[in-house]
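The sequence shown begins at 4 in our numbering and counts up one residue at a time.
Every residue gets a Cβ at the ideal spot worked out from N, C-alpha and C, and that includes glycine.
Just so you know, these numbers come straight off a predicted model, no measurement behind them.
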Amino acid sequence: MRVLLYDAQSDRYFQSPEGWTDDRNLALDLGGTVQAVSVAYQQKLQSAEIILAFDDAHLNDMRLPLNLNGELANNWEFPSVGATTDFEKPAT
C-alpha cells in the first residue's frame with residue numbers, strides 16, 4: 004500500500020517539497036497518514052485528500068478528505084516527512 008497526498012485544487016500529487024506531479028505513479032509514498040497530514044500542513048494546503056493506494060488490483064483506493072482550515076490546525080505540530088516516532092512498549 005502507498006500513502007499519497009492529492010491536492011484536488013491543482014489535480015496533482017505530492018512528489019517532493021519542490022514540486023507536484025500529474026502522474027500518481029511518480030508521487031511520493033509518504034509511508035503513513037501522519038506523514039501525509041504533516042506534508043499537507045507544511046505545504047499550507049487547506050483542503051486535500053490522503054489516498055491509500057493498494058497494490059492489489061481487487062481493492063479500490065481509499066480516499067480520505069483532509070481539511071486543515073481553522074484555528075486548531077494552526078496550532079498543531081507535526082513530525083517532518085520521513086521522521087519516525089518511537090513508541091514505548093506497554094509494561095508486561
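Checklist entry - What span of residues does the alpha helix (DSSP H) with residue 43 cover, start to end? => result Where residue 43 is concerned, the enclosing alpha helix (DSSP H) starts and stops at 36-45.
Item to check | residue 71 beta carbon less than 9 Å from that of residue 52 | outcome: Cβ atoms of residue 52 and residue 71: not closer than 9 Å.
Checklist entry - On the premise that residue 42 lies in contact with residue 8, defined as a C-beta separation below 8 Å, what is that separation, rounded to the nearest angstrom? => result Contact holds; Cβ gap of about 5 Å.
Checklist entry - Between residue 18 and the rest of its own chain, which residues show a CB-CB distance below 7 Å, the 5 nearest in sequence each way excluded? => result Scanning its chain for C-beta atoms nearer than 7 Å, with the 5 sequence neighbours on each side dropped, one finds around residue 18 the residues 24, 29, 30, 31, in chain order.
Checklist entry - Which residues does DSSP pair with residue 20 in a beta bridge? => result In DSSP, residue 20 forms no bridge with anything.
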